[in-house]
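Enquirer: The structure follows.
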Amino acid sequence: MSSSSNDKLNISLEEHLVDTLRTLQRLLPKDLAEKMVPYLSPSPPSVIPYSLLSSLSLWTRSEAGQDVLRAHDPRLDPHSYSMVSLLAGTMTSPDRFLGKYVPPKDPAEMEADRYRERKAITALLNALLSIVGSAAAAYWAAERTGWRIEWRVLLSLFVAAIVATSEGALFLIWQSRRASAATRKMQILETAKHKKDNNVESTEDIALFEQDGAMSTSTSIQVSELRHRK
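Going by the numbering used here, the first residue of the sequence shown is number 21, and it counts up by one from there.
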């Protein structure tokens with residue numbers, strides 16, 4: 021992880037971390053001790069910069085820091101102030117919000133998407149061949165009737181435009197039907213999921229009802245037995 025990324029990270033300031041830092045505060049160099057003051061106040065913030073903890077851990081691993089920790093009474097262990105120890109039980113950047121998790125597609129769904137893509141490409145190729153074939157057929161027919169070349173070209177372009185318009189309209193209709201089918205599929209899945217959740221809740225209610233009924237029956241039997249003994 022780069023230093024620029026570390027500067028943007030925050031660590032949740034847990035209670036045990038505050039106690040650890042408070043023990044170490046009076047031993048730190050003046051600049052580090054002053055930076056620690058806001059985070060060790062009676063009402064500290066909820067997060068502390070990762071870079072500040074890293075600087076503190078780096079100082080405890082230095083020769084000067086280790087000498088100070090050894091000279092303290094009781095003696096302090098430098099390993100207790102490593103980044104692994106300081107970050108234990110904390111959260112990284114709890115003030116940030118992660119994006120919505122999008123699970124990977126099911127293999128069957130991916131195969132269905134590829135099939136639809138191949139079908140769309142095939143439809144486009146067929147439309148292109150229909151346009152070119154219609155234009156060529158119109159040109160050939162006009163040539164057989166003895167038309168001049170400019171009229172033949174105009175006729176072939178006109179036929180190609182008509183065929184292209186019809187093919188485009190058919191492709192749009194096919195796309196809209198596919199979209200509506202996908203929408204219906206999503207609605208069916210959501211309805212099925214909703215029914216499943218309702219069934220689970222109903223099953224739980226039935227189980228609770230049966231449990232309450234069994235308890236009440238057991239209580240009635242016990243009361244009857246007591247009366248009979250009396």
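Glycine residues also receive a C-beta, built at the ideal position from the N, C-alpha and C atoms.
Using a threshold of 8 Å, state whether the C-beta atoms of Y101 and L60 are closer than that.
Expert: Locating residue 101 in the sequence shown gives position 81, where the first residue counts as 1. Locating residue 60 in the sequence shown gives position 40, where the first residue counts as 1. Result no, Cβ atoms of Y101 and L60 do not sit closer than 8 Å.
Enquirer: Rounded to the nearest angstrom, what separates R136 and A143 at their Cα positions?
Expert: Counting from 1 along the sequence shown, the entry for residue 136 is found at position 116. Counting from 1 along the sequence shown, the entry for residue 143 is found at position 123. Distance between the alpha carbons of R136 and A143: 10 Å.
Enquirer: Rounded to the nearest angstrom, what separates S150 and L29 at their Cα positions?
Expert: Locating residue 150 in the sequence shown gives position 130, counting from the first residue. Locating residue 29 in the sequence shown gives position 9, counting from the first residue. S150 and L29: Cα-Cα distance of roughly 60 Å.
Enquirer: Count the other CB atoms within 10 Å of the CB of M56; is the residue buried (16 or more) or exposed (fewer)?
Expert: Numbered from 1 along the sequence shown, position 36 holds the residue referred to as residue 56. When all chains shown are included, M56 counts as buried.
Enquirer: L73: which of P94, K125, R46 and L107 sits nearest, CA to CA?
Expert: Against the sequence shown, residue 73 aligns to sequence position 53. Selected option, being the one with the closest Cα: L107.
Enquirer: Please report how far the alpha carbon of E221 lies from the alpha carbon of Q207, in whole angstroms.
Expert: Along the sequence shown, one-based indexing puts residue 221 at 201. Along the sequence shown, one-based indexing puts residue 207 at 187. Because the pLDDT of E221 is 47, which lies under 50, any placement of that residue in the model is unreliable, and the number read from its coordinates should be weighed accordingly. Spanning the two alpha carbons is a distance of roughly 21 Å.
Enquirer: If you follow the alpha helix (DSSP H) that V104 is in, where does it begin and where does it stop?
Expert: As a working note, residue 104 is residue 84 in the sequence shown. Residues M103 to L107.
Enquirer: Are the CB atoms of S47 and H92 nearer to each other than 8 Å?
Expert: Translated into positions along the sequence shown, residue 47 becomes position 27. Translated into positions along the sequence shown, residue 92 becomes position 72. The sequence shown places Leu at residue 47, rather than the Ser named in the question. Yes, Cβ-Cβ distance for L47 and H92 is below 8 Å.
Enquirer: Can you give me the start and stop residues for the beta strand (DSSP E) that P69 sits inside?
Expert: Indexing the sequence shown from 1 puts residue 69 at position 49. From DSSP, the beta strand (DSSP E) with P69 extends over V67 to P69.
Enquirer: Do you know how far the Cα of G85 is from the Cα of P62?
Expert: As a position in the sequence shown, residue 62 is number 42, starting the count at 1. As a position in the sequence shown, residue 85 is number 65, starting the count at 1. Whole-angstrom Cα-Cα distance: 26 Å.
Enquirer: Buried or exposed: which applies to E35, given that a residue is buried once 16 or more other Cβ atoms fall within 10 Å of its Cβ?
Expert: The sequence position of residue 35 within the sequence shown is 15, counting from 1. E35 is exposed by the Cβ-count criterion.
Enquirer: For T203, does the count of other Cβ atoms within 10 angstroms reach 16, so buried, or fall short, so exposed?
Expert: Within the sequence shown, numbered from 1, the residue matching residue 203 stands at position 183. Classification of T203: exposed, given that the 10 Å Cβ count is below 16.
Enquirer: If F178 and A147 are in contact, beta carbons under 8 Å, what's the gap, nearest whole angstrom?
Expert: For the purposes of this step, residue 178 is identified with residue 158 of the sequence shown, where counting begins at 1. For the purposes of this step, residue 147 is identified with residue 127 of the sequence shown, where counting begins at 1. Incorrect: roughly 17 Å between the Cβ atoms, too far for contact.
Enquirer: Would you mind working out which of Q195, T185, P124 and A156 sits nearest I141, comparing C-alpha positions?
Expert: Here residue 141 is taken as the residue at index 121 of the sequence shown, counted from 1. I141 has its Cα closest to that of Q195, out of Q195, T185, P124 and A156.
Enquirer: Return yes when the Cβ of W171 is within less than 8 Å of the Cβ of G162, no when it is not.
Expert: Position 142 of the sequence shown, counted from the first residue, corresponds to residue 162. Position 151 of the sequence shown, counted from the first residue, corresponds to residue 171. Contrary to the premise, residue 162 reads as Ala rather than Gly in this sequence. Yes.
Enquirer: Give the secondary structure of K185 by DSSP, where H, G and I count as helix, E and B as strand, and everything else as coil.
Expert: The sequence position of residue 185 within the sequence shown is 165, counting from 1. Reading off the sequence, residue 185 comes out as Thr, not Lys. Residue state, collapsed to three classes: helix.
Enquirer: Helix, strand or coil for F229, going by three-state DSSP, please let me know.
Expert: Your numbering for residue 229 matches position 209 in the sequence shown. Unreliable placement is indicated for F229, whose pLDDT of 48 sits below 50; the coordinate value is still reported in the next sentence. Helix.
Enquirer: State the CB to CB distance for the pair P64 and L96, rounded to an integer number of angstroms; the pair is presumed to be in contact (CB under 8 Å).
Expert: Within the sequence shown, the letter at position 44 stands for residue 64. Within the sequence shown, the letter at position 76 stands for residue 96. Not confirmed; about 22 Å, so no contact.
Enquirer: My guess is that I31 and T110 are in contact by the Cβ rule of under 8 Å, so how many angstroms apart are they, rounded?
Expert: By 1-based counting over the sequence shown, the position of residue 31 is 11. By 1-based counting over the sequence shown, the position of residue 110 is 90. With 8 Å as the limit, I31 and T110 qualify as a contact, their Cβ atoms being about 5 Å apart.
Enquirer: Under three-state DSSP, which class holds T110?
Expert: If you number the sequence shown from 1, residue 110 lands on position 90. Looking at T110 - three-state DSSP - the assignment turns out to be coil, as it is neither helix nor strand.
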